[in-house]
Every structure is written in structure tokens, then in C-alpha cells.
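The opening residue of the sequence shown carries number 0 in numbering that gives the first Met the number 0; numbering runs sequentially from there.
Notes to accompany the following structure.
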Amino acid sequence: MNNVALVVGRESFIGTKIVERLTLNGRDVVSLVADSAKSARVIPWNRSGFISTITALREMQRLYGFPTDVFIVFGRKREEVFPQESASLIDEVLDYDLKALVYLTQELYKRAGEQNKNTAIYFIADNVEDSKRPLSSTATSGFRTYAKTLMHGNPSIYLSGYELVGSDEEGFVDYVLKGVDERLEKRANSWMVYPKPSLFGLKR
């Protein structure tokens, strides 16, 4: 079985922890980022470019093989004050958070379907409700809605979503990776929140 895991968004704390844990567990971890990392193989990727997305995935497959697990981590923090957001910041949010998400999932879907790969995509949301800024809120809502819409469309590959509410990041990573190890059918096409709400609306 292919041991390759692809992590997108390792710049966040959650992304970094996922890379570290997967590496410690003996997985071959590849990241599509601009900077380098000691614990992960890195392939350059221009998130705003469709051609760059195709090139990055093709290069990853050539060098390391097609990934069994793909982690798309959302949760990048930015400084923004409405209505003073610059044009460059607006473009960055649209490119980094939304266009890149669509380009990447489209190409992964296509390649997994063509090659009959047993690939799973995990959408990881790091405290998306923590954002009170209009621009970031738009991006976070788009991330969640896009992922859930894909799940409801009878996807041909395994999809699952995880969302952290609160500050227990270490526990959240444990929860995500436990789900990845089990890859239960009942969690396919499901959006799970950590920690789970109690029956009385309190977090456990």
C-alpha cells in the first residue's frame, strides 16, 4: 500500500502537527508549499495557478507516488481591519483559500478517478468560527460549504471533514489521525466537530 500523505496548509499549527505526527508514524509526507521543512518533502506550488497545481501534483506523483491520504488544512491567520484591507490582501485570500482549494480538489478527483487510487481527502478546519473579520469569515464559510457540498454529491473517493472548536489543538490532531487510521465508512462524507457537543449543548 502506498505510504504517501499529502499535507496542504502545513504553515498553520495544526498542519505542522499533522506533518510531525505522520512523519513519526513512518509516513512519507509531502507538502505543497513555498518554504522548506525538515520533516516533509516540499514541492513548490503557486496556489493561484491552475497550471501550477497540475504541475505540482504531477511532480509529486513522479517523485513519491500518488497519495493515499490528503490533508487540506484551513486556518491561516491574517491581520485585517475593515474596511482598510488592501487589494493584495483580498487577492491573497481569494487565491490562497478559495481558488487553490478548488484547483487542488478538482485535479485530485480527476487523477484518483483515472488511476483508481484508494485516495482519501480530509478537510481540516482550525477554529473557523474564531474569525470575526469579514474577509476571513467569507473564506472560512466558503471552505466549509465547498467541502460539505462535495461530500453530499456522492463522491467517488473517500471524503471527510474535521473542525476544531476551542483551543485543544493537540487533542484535535489525535482525533483527526485516529479517524484517518480507522477510515470508517460511517465517517465518509461526514463533517465532524471536536470536541463533540453534549446533549445539553456543552462541549465535552
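Every residue, glycine too, gets a C-beta built ideally from N, C-alpha and C.
Could you check whether residue j and residue i sit closer than 8 Å to each other, using their CB atoms as the reference points?
i: V32; j: V41; result: yes
i: R46; j: D90; result: no
i: Y157; j: A187; result: yes
i: S30; j: R57; result: no
i: I71; j: V28; result: no
i: L5; j: V101; result: no
i: T67; j: N126; result: no
In angstroms with no decimal places, state the Cα-to-Cα distance between residue i and residue j.
i: V220; j: P82; result: A question about residue 220 goes unanswered here, because the residues of the chain that appear run from 0 up to 203.
i: F171; j: F73; result: 14 Å
i: K98; j: K195; result: 30 Å
i: G64; j: N1; result: 7 Å
i: L181; j: A111; result: This sequence places Glu at residue 181; Leu is not what is there. Looking at the two C-alpha atoms, the distance is approximately 20 Å.
i: K16; j: E169; result: 8 Å
i: M59; j: A86; result: 32 Å
i: Y193; j: F49; result: 33 Å
i: S38; j: E84; result: Note on S38: pLDDT 48, under 50, position unreliable in the model; the coordinate value appears next. Each residue's alpha carbon lies about 34 Å from the other.
i: R20; j: R26; result: 9 Å
i: E113; j: L62; result: 19 Å
If you drop the 5 nearest sequence neighbours on each side, which residues of the same chain put their C-beta closer than 6 Å to that of residue i?
i: V92; result: L134, A138
i: P146; result: First, the residue type needs correcting, since residue 146 is Ala and not Pro in the sequence shown. Once the five neighbours on either side are set aside, the close Cβ partners of A146 are F122, G160.
i: A55; result: L31, I42, W44
i: G141; result: L97
i: S166; result: none
i: K185; result: none
i: L183; result: none
Please report whether the beta-carbon of residue i lies at a distance below 8 Å from any beta-carbon of chain C.
i: N188; result: Looking at the structure shown, chain C is missing, and only one protein chain is on hand.
Closest to residue i by C-alpha separation, out of the options, would be which residue?
i: T104; options: Y193, L149, N188, L21; result: L149
i: L23; options: L176, V192, S51, Y193; result: L176
i: F12; options: L163, T118, V192; result: L163
i: R143; options: G178, T67, M191; result: M191
i: G178; options: A119, L88, P154; result: A119
i: G14; options: G152, L183, D173, E184; result: D173
With a threshold of 8 Å on Cβ separation, who are the neighbours of residue i within its own chain once the five nearest residues in sequence on each side are excluded?
i: P154; result: Y108, N188
i: E106; result: T52, I53, L56
i: H151; result: N188
task: Scan the region 64-120 and note each continuous beta strand (DSSP E) run of 3 residues or more that stays entirely inside, going in chain order.
output: 68-73
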